[in-house]
Amino acid sequence: MTGPAIVLIRPQLGENIGKAARAMLNFGLTDLRLVEPRDGWPNPAAGPAAAGADVVLDKARVYASTAEAVADCAHVYATTVRKRGVTKPVHTPEQATREMAAAQGRCAILFGPERSGLETEDVALSRAIITVPINPEFGSLNLAQAVILCAYEWSKTQAALVQPTQEEQLPPAPQEELEGLIAHFETMLEPRGYFLPQGRHETTRRTLRGLLTKPGWNHLEVRTLRGVLSTLQRQITPGSDPTR
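Take 114 as the starting number for the sequence shown in the numbering used here and just add one per residue.
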């Protein structure tokens, strides 16, 4: 499925365009449209800020007006924290991108200039407003932050994007190894009176066993704990080298 077009309206800094492109590509979006970029286009400051998202910058298209930029789009959403006197449905990024994923036809998301945000005329072109719950005393997101919020929510609707591979988890150690660890603990603790008084002997053993079996140690963790116990068990005589 083709993702929504990201439309940056009168962006002021090349660096911010590059950062927006980087945010887009992180989550599988490549259709970048620029409306009257203040410093023209191409902008040499955009490339370094994009950090490798050159495919987005290379395909970026420039338009003379917002209306031209979204002329082929059937569903247009405007990102703003204020309705600016325009009555529109208001969605969170999650709600809006779910709608986009189910919609027929091209979708676009409008983002305004860094300093002032979208003008009323731009918002009027949209069918709905996207906003997020935000600190009422400080509702200022930079351009790339706003783009990444929407791009991330879009990515959640797409099966093609995968969760980064987690660290491989080793299976729990076999019971035989776990029994060896428990016996090792008991061998060290018994002569030191840990299981006394005698009346509490079995209860204390069961509690220790429960403690040692609960984490689900893997083979390497059991070996490590056995090594720790062996080191503690080793008798160190005066003048000897404890590392040998």
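We treat Cβ as the ideally placed atom computed from N, Cα and C, and that holds for glycine. Remember, it's a predicted structure, so these values are computed and weren't measured experimentally.
In the DSSP secondary-structure assignment, F224 is bridged to L121. Between the alpha carbons of I130 and N255 lies a gap of roughly 11 Å. 8 Å or more divides the Cβ of L262 from the Cβ of L294. Distances from the CA of R347 to each of H297, F308, T270 were compared; the closest alpha carbon is that of H297. Just so you know, the alpha carbons of R211 and N331 end up roughly 41 Å apart. Under the DSSP assignment, A257 falls in the alpha helix (DSSP H) whose first and last residues are 256–268. With a threshold of 16 other beta carbon atoms within 10 Å, N156 meets it and is buried. Counting of Cβ neighbours within 10 angstroms places F224 among the buried residues, the total reaching 16 or more. A distance below 8 Å separates the beta carbons of L170 and A134. Remark: three or more beta-carbon pairs, one from each stretch, lie closer than 8 Å, so the segment 175–183 and the segment 131–150 are flagged as touching. With 16 or more other CB atoms across the displayed protein chains lying within 10 angstroms of its CB, D235 is buried.
Residue pairing from DSSP leaves Y307 without any beta-bridge partner.
In the DSSP secondary-structure assignment, T192 is bridged to I243. In the structure shown, A184 adopts coil according to DSSP, grouped into three states. For L170, the uninterrupted alpha helix (DSSP H) run begins and ends at 167–172, by DSSP. The closest CA to that of R219, considering only A184, F140, T320, is found on A184. Here DSSP, grouped into helix, strand and coil, assigns N331 to strand.
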